[in-house]
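Under UniProt numbering, the very last position in the sequence shown is 42; numbers go up by exactly one each time. Glycine included, each C-beta is placed from N, C-alpha and C at the ideal position. All of these numbers come straight from a predicted model, not from anything done at the bench. Data block below; observations after.
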Amino acid sequence: MGGGSTGVAALQSGRKFIGIEMSEHYFDVACRRLEKATYTPF
(Lines of atoms letter the chains of each structure in order from A and count residues from 1; the text may use other names and numbers.)
(Lines give C-alpha, C1' and ligand atoms only; values in the text may rest on other atoms or scores of the structure.)
Protein backbone atom coordinates (compact mmCIF):
# COMPACT_ATOMS: atom_id res chain seq x y z
CA MET A 1 0.00 0.00 0.00
CA GLY A 2 2.99 2.25 0.53
CA GLY A 3 2.02 5.87 1.05
CA GLY A 4 -1.53 5.31 -0.18
CA SER A 5 -1.31 7.30 -3.42
CA THR A 6 -2.84 4.49 -5.50
CA GLY A 7 -5.71 4.18 -3.03
CA VAL A 8 -6.34 7.93 -3.12
CA ALA A 9 -6.38 7.89 -6.93
CA ALA A 10 -8.81 4.96 -6.91
CA LEU A 11 -11.18 6.74 -4.53
CA GLN A 12 -11.00 9.98 -6.49
CA SER A 13 -11.91 8.15 -9.70
CA GLY A 14 -14.81 6.32 -8.05
CA ARG A 15 -13.14 2.92 -7.98
CA LYS A 16 -12.79 0.39 -5.20
CA PHE A 17 -9.39 -0.89 -4.12
CA ILE A 18 -7.74 -3.32 -1.75
CA GLY A 19 -4.57 -2.20 -0.01
CA ILE A 20 -2.09 -4.51 1.72
CA GLU A 21 0.91 -3.28 3.70
CA MET A 22 3.40 -5.18 5.86
CA SER A 23 4.88 -2.12 7.58
CA GLU A 24 2.76 -0.67 10.39
CA HIS A 25 4.33 2.76 9.79
CA TYR A 26 3.35 2.90 6.12
CA PHE A 27 -0.09 1.50 6.94
CA ASP A 28 -0.64 4.44 9.30
CA VAL A 29 0.65 6.90 6.68
CA ALA A 30 -1.69 5.47 4.04
CA CYS A 31 -4.69 5.51 6.39
CA ARG A 32 -4.14 9.20 7.16
CA ARG A 33 -3.86 10.04 3.45
CA LEU A 34 -7.03 8.10 2.65
CA GLU A 35 -8.92 9.81 5.48
CA LYS A 36 -7.84 13.24 4.19
CA ALA A 37 -8.85 12.30 0.64
CA THR A 38 -12.36 11.27 1.73
CA TYR A 39 -12.96 14.00 4.33
CA THR A 40 -15.98 16.21 3.72
CA PRO A 41 -16.51 18.88 6.38
CA PHE A 42 -20.28 19.16 5.85
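Item, Value
"Assign residue 14 to buried or exposed, taking buried as 16 or more other Cβ atoms, counted over all protein chains shown, within 10 Å of its Cβ.", "exposed"
"Whose C-beta lies closer than 6 Å to the C-beta of residue 21 among residues of the same chain, with five residues either side of it excluded?", "1, 27"
"Between residue 8 and the rest of its own chain, which residues show a CB-CB distance below 8 Å, the 5 nearest in sequence each way excluded?", "33, 34, 37"
"Excluding sequence positions up to five away, which residues of its chain have a Cβ less than 6 Å from the Cβ of residue 10?", "17"
"When DSSP labels each residue in this structure, what does residue 21 get in the three-state scheme?", "coil"
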